[in-house]
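Residue 105 in the working numbering sits at position 102 of the sequence shown; the count goes up by one each step and never skips. Even for Gly, the Cβ is constructed at its ideal location relative to N, Cα and C. Quick notes on the structure that follows.
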Amino acid sequence: MANIQLSYSTFGLTNLNFLDAIKAIARAGYEGVEIAFHRRQFNPFELADDDLDAVKKCCVAAGVTPACVATASHFFTPSRPHEPSLLTPDLAGRKRRIDLIKRGIRAARRLGVRLVTCGSGFIRDDSIHAPRADARERLVDSIRECLREIHGGEDMTLLIEPEPGMLVETLDDGLRLIHAVDSPHFGLHIDICHAYCSERDYIAALERAAPFARYLHISDARQGYNLKIVSDHADAAIDLDFASALVYFPDTAGYLLVDKRHPRYFGDDKPEGKRRRHIDAILSRAGVDGPLGMVDYPSLYAGASPLDDEIFTYLISVPGLSYDVLERAAPVLAYLRGVGGGAGAPPLVGRMLANTLTGIAHFHEIPGEGTLDLAASARALESGGFHGYGSVELYHHVESWERALSDSHRHLAALATGPL
Numbered sequence: 004m005a006n007i008q009l010s011y012s013t014f015g016l017t018n019l020n021f022l023d024a025i026k027a028i029a030r031a032g033y034e035g036v037e038i039a040f041h042r043r044q045f046n047p048f049e050l051a052d053d054d055l056d057a058v059k060k061c062c063v064a065a066g067v068t069p070a071c072v073a074t075a076s077h078f079f080t081p082s083r084p085h086e087p088s089l090l091t092p093d094l095a096g097r098k099r100r101i102d103l104i105k106r107g108i109r110a111a112r113r114l115g116v117r118l119v120t121c122g123s124g125f126i127r128d129d130s131i132h133a134p135r136a137d138a139r140e141r142l143v144d145s146i147r148e149c150l151r152e153i154h155g156g157e158d159m160t161l162l163i164e165p166e167p168g169m170l171v172e173t174l175d176d177g178l179r180l181i182h183a184v185d186s187p188h189f190g191l192h193i194d195i196c197h198a199y200c201s202e203r204d205y206i207a208a209l210e211r212a213a214p215f216a217r218y219l220h221i222s223d224a225r226q227g228y229n230l231k232i233v234s235d236h237a238d239a240a241i242d243l244d245f246a247s248a249l250v251y252f253p254d255t256a257g258y259l260l261v262d263k264r265h266p267r268y269f270g271d272d273k274p275e276g277k278r279r280r281h282i283d284a285i286l287s288r289a290g291v292d293g294p295l296g297m298v299d300y301p302s303l304y305a306g307a308s309p310l311d312d313e314i315f316t317y318l319i320s321v322p323g324l325s326y327d328v329l330e331r332a333a334p335v336l337a338y339l340r341g342v343g344g345g346a347g348a349p350p351l352v353g354r355m356l357a358n359t360l361t362g363i364a365h366f367h368e369i370p371g372e373g374t375l376d377l378a379a380s381a382r383a384l385e386s387g388g389f390h391g392y393g394s395v396e397l398y399h400h401v402e403s404w405e406r407a408l409s410d411s412h413r414h415l416a417a418l419a420t421g422p423l
């Protein structure tokens, strides 16, 4: 990892005062810090130049370099993260995201940072029936509008970060977008965890994309239970070798779990007649021949649980459905994972929920605690010519930030000094 300088994102330290977070990162031995927007901790709509100057001064005093400004996909509404996005159909929504990213560019300029990162966004229910080309055009136009904030000749680059479930999901998606935007001020941000989730051969994909990458995110991940939530329609194709399916019925707001081992129907009423025949046909087409279990939806536990973060992270990665449909599915997912099943009852699903192209769960683990081959990833990136900062991003470990901060550095520093 000689060409990868270790950094840590403040997005994993949001319970701390912002300057204290920078100091903690420095004490842990990192060379850099990712400056992440956050609506409570570091809100660009509330920051004055004096605040940014204080951050810059703190970084200098602590001996860490601000590596990148992250414009926070989760910034606006906690229950509707990633929204609005750069491809939202409503222009007013796109303008809000564009404004946030432009503020990121201005903040980076004040801090002396040369990189700003953002994501593309999801195709939600309000645009699912529109041509995907329309969403791509909106995305390209929005990015070009963001780039107008960068001065001519300025050493500043806006980066796109591919993410599971988003319109720009794979590294090739990111490279195609870079080609479409066609600007020297627009480049690629690789999240190694996202590549693990989205690429069949993530090591080869990392090496291919490395020449175009300016920045990295680093975390670990592991195999999950791949589950696709889809709306019921005549041409729905379910491939159980790829993923199980949770079919949503708009006319009853019920859900059907299509799974070879434990098919289940979750609804307010037991399906009968035409509805039951339709359900049986779906299961038959998918090759499911086991008995169908019935679960009374109103009886499902819908309160807080230790798995809330996992379930929420899963749900917000599902495109094409309304948030109401997704939130109504939350008790179903909790049931599958064993929440409310009674003491000692094993969960139907023993692995984290995944909605990815590979079945790897998009849940950022501390480096060394998953199954991602970080050493091979580093070799591939360096072989492809990458040189720059790699920031550990562990927003799922805010409550255990001290262990996440120290254990991540210990593991990655050992890779840097040991044989790759």
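### Query
My guess is that residue 249 and residue 332 are in contact by the Cβ rule of under 8 Å, so how many angstroms apart are they, rounded?
Taking the first residue of the sequence shown as 1, we reach residue 249 at position 246. Taking the first residue of the sequence shown as 1, we reach residue 332 at position 329. Sure, about 7 Å apart at Cβ, within 8 Å.
### Query
Of all the beta strand (DSSP E) runs that stay within the bounds of the region 146-224, which reach a length of 3 or more residues?
160-163, 189-194 and 216-221
### Task
Taking all protein chains shown into account, decide if residue 405 is buried (16 or more other Cβ within 10 angstroms of its Cβ) or exposed.
As a first step, residue 405 is located in the sequence shown; it is residue number 402 there, counting from the start. Answer is exposed; the Cβ neighbour count stays below 16.
### Query
Could you give the residue range of the beta strand (DSSP E) that holds residue 123?
In the sequence shown, the residue the question calls residue 123 occupies position 120. Per DSSP, residue 123 belongs to no beta strand (DSSP E) and is neither H nor E.
### Task
State the Cα-Cα distance for the pair residue 188 and residue 264, rounded to the nearest angstrom.
Translated into the one-based positions of the sequence shown, residue 188 becomes position 185. Translated into the one-based positions of the sequence shown, residue 264 becomes position 261. Taking the straight line from one Cα to the other gives about 50 Å.
### Alpha-carbon to alpha-carbon, residue 51 and residue 203
Taking the sequence shown and counting its residues from 1, the one referred to as residue 203 is at position 200. Taking the sequence shown and counting its residues from 1, the one referred to as residue 51 is at position 48. Rounded to the nearest angstrom, the two C-alpha atoms are 45 Å apart.
#### Entry: Inter-residue spacing [alpha-carbon to alpha-carbon] between residue 236 and residue 227
If you number the sequence shown from 1, residue 236 lands on position 233. If you number the sequence shown from 1, residue 227 lands on position 224. Approximately 26 Å, taken between the alpha carbons.
### Query
Is it right to say residue 329 is buried, meaning 16 or more other beta carbons lie within 10 angstroms of its own, or is it exposed?
The count along the sequence shown starts at 1 and reaches residue 329 at position 326. With 16 or more Cβ atoms within 10 Å of its Cβ, residue 329 is classed as buried.
### Message
Starting from residue 299, trace the beta strand (DSSP E) in both directions and tell me its first and last residue.
### Response
Taking the first residue of the sequence shown as 1, we reach residue 299 at position 296. Unbroken beta strand (DSSP E) run through residue 299: 296-299.
### Task
Whole angstroms is fine: what's the gap from residue 105's alpha carbon to residue 245's?
As a working note, residue 105 is residue 102 in the sequence shown. As a working note, residue 245 is residue 242 in the sequence shown. Distance between the alpha carbons of residue 105 and residue 245: 39 Å.
### Message
Helix, strand or coil, according to DSSP, for residue 456 in the structure here?
### Response
Given a span of 4 to 423 for the chain in the structure shown, any question on residue 456 remains unanswerable.
### Task
Would you grab the beta carbon distance between residue 200 and residue 216 for me? Rounded to a whole angstrom, and I think it's under 8 Å.
Your numbering for residue 200 matches position 197 in the sequence shown. Your numbering for residue 216 matches position 213 in the sequence shown. Not a contact, Cβ separation roughly 17 Å.
### Message
Taking the alpha carbon of residue 7 as the reference point, which residue from 400, 402, 408 and 385 has its own alpha carbon closest?
### Response
By 1-based counting over the sequence shown, the position of residue 7 is 4. Comparing Cα-Cα distances from residue 7 to each of 400, 402, 408 and 385, the minimum goes to 385.
### Message
Quick check on the burial criterion: 16 or more other C-beta atoms within 10 angstroms. Buried or exposed for residue 300?
### Response
Taking the sequence shown and counting its residues from 1, the one referred to as residue 300 is at position 297. It counts as buried.
### Message
Just to confirm the assignment: which complete beta strand (DSSP E) runs, minimum length 3, are found wholly within the region 248-277?
### Response
257-261 and 267-270
### Query
Terminal residues of the continuous beta strand (DSSP E) containing residue 88?
Mapped onto the sequence shown, residue 88 falls at position 85. Neither: residue 88 is in no beta strand (DSSP E) and is coded neither H nor E.
### Task
Less than 8 Å between the CB atoms is what I'm expecting for residue 126 and residue 322, so what's the real figure, rounded?
Mapped onto the sequence shown, residue 126 falls at position 123. Mapped onto the sequence shown, residue 322 falls at position 319. The Cβ separation is near 5 Å, so the contact holds.
### Task
Classify residue 41 as helix, strand or coil using the three-state DSSP reduction.
Taking the first residue of the sequence shown as 1, we reach residue 41 at position 38. Of the three classes helix, strand and coil, the one that applies to residue 41 here is strand, per DSSP.
### Query
By the 10 Å Cβ neighbour count, where 16 or more other Cβ atoms means buried, how is residue 30 classified, buried or exposed?
On the sequence shown, position 27 is the one that residue 30 refers to. So residue 30 ends up on the exposed side.
### Task
For residue 334, name the three-state secondary structure that DSSP assigns.
As a working mapping, residue 334 is identified with position 331 in the sequence shown. Looking at residue 334 - three-state DSSP - the assignment turns out to be helix.
### Query
If you run the structure through DSSP and keep just helix, strand and coil, what is residue 396?
Within the sequence shown, the letter at position 393 stands for residue 396. Three-state result, residue 396: coil.
### Task
Would you decide whether residue 253 is buried or exposed? Buried here means 16 or more other CB atoms lie within 10 Å of its CB.
Position 250 of the sequence shown, counted from the start, is the residue given in the question as residue 253. By the 10 Å Cβ count, residue 253 comes out exposed.
### Query
Helix, strand or coil: how does DSSP classify residue 143 here?
In the sequence shown, the residue the question calls residue 143 occupies position 140. Note: residue 143 maps to helix in three-state DSSP.
### Query
Who are the near neighbours of residue 177 in its chain, counting only those whose CB is closer than 6 Å to its CB and skipping five residues on each side?
Mapped onto the sequence shown, residue 177 falls at position 174. Same-chain partners within the cutoff: 163, 165, 171 and 191.
### Query
What is the DSSP secondary structure of residue 1, reduced to helix, strand or coil?
Lying outside 4 to 423, the shown extent of the chain, residue 1 is not represented and no answer is given.
### Query
Expressed to the nearest angstrom, what Euclidean distance is found between the alpha-carbon atoms of residue 183 and residue 143?
Taking the sequence shown and counting its residues from 1, the one referred to as residue 183 is at position 180. Taking the sequence shown and counting its residues from 1, the one referred to as residue 143 is at position 140. Roughly 7 Å separates the two Cα atoms.
### Message
DSSP three-state label for residue 28, please.
### Response
For the purposes of this step, residue 28 is taken as the residue at position 25 of the sequence shown. Residue state, collapsed to three classes: helix.
### Query
Nearest-angstrom Cα distance between residue 418 and residue 175?
Locating residue 418 in the sequence shown gives position 415, counting from the first residue. Locating residue 175 in the sequence shown gives position 172, counting from the first residue. Roughly 27 Å between the two C-alpha positions.
### Task
Classify residue 70 as helix, strand or coil using the three-state DSSP reduction.
The residue labelled residue 70 in the question sits at position 67 within the sequence shown. Strand, per DSSP.
### Query
Going straight from the alpha carbon of residue 389 to that of residue 149, what length do you get?
Along the sequence shown, read from residue 1 onward, the residue named residue 389 stands at position 386. Along the sequence shown, read from residue 1 onward, the residue named residue 149 stands at position 146. Cα to Cα, the separation comes out at about 25 Å.
### Query
How should residue 358 be labelled, buried or exposed, when 16 other C-beta atoms within 10 angstroms of its C-beta is the threshold for buried?
Walking along the sequence shown from the start, residue 358 turns up at place 355. So residue 358 counts as buried.
### Simplified DSSP state of residue 343, which is helix, strand or coil
Residue mapping note: residue 343 aligns to position 340 of the sequence shown, counting from 1. In this structure, residue 343 counts as coil in the three-state DSSP scheme.
### Message
What does the Cβ neighbour count give for residue 155, buried or exposed, with the cut at 16 atoms within 10 Å?
### Response
To locate residue 155, count along the sequence shown from 1; it is residue 152. Exposed, because fewer than 16 other Cβ atoms sit within 10 Å of the Cβ of residue 155.
### DSSP-derived helix/strand/coil call for residue 368
For the purposes of this step, residue 368 is taken as the residue at position 365 of the sequence shown. In the structure shown, residue 368 sits in a strand (DSSP, three-state: E or B).
### Task
Look at the alpha carbon of residue 349 and the alpha carbon of residue 108, and state the distance between them as a whole number of angstroms.
Locating residue 349 in the sequence shown gives position 346, counting from the first residue. Locating residue 108 in the sequence shown gives position 105, counting from the first residue. Cα to Cα, the separation comes out at about 49 Å.
### Assigned secondary structure, residue 108 (DSSP; H/G/I helix, E/B strand, else coil)
Position 105 of the sequence shown, counted from the start, is the residue given in the question as residue 108. Helix.
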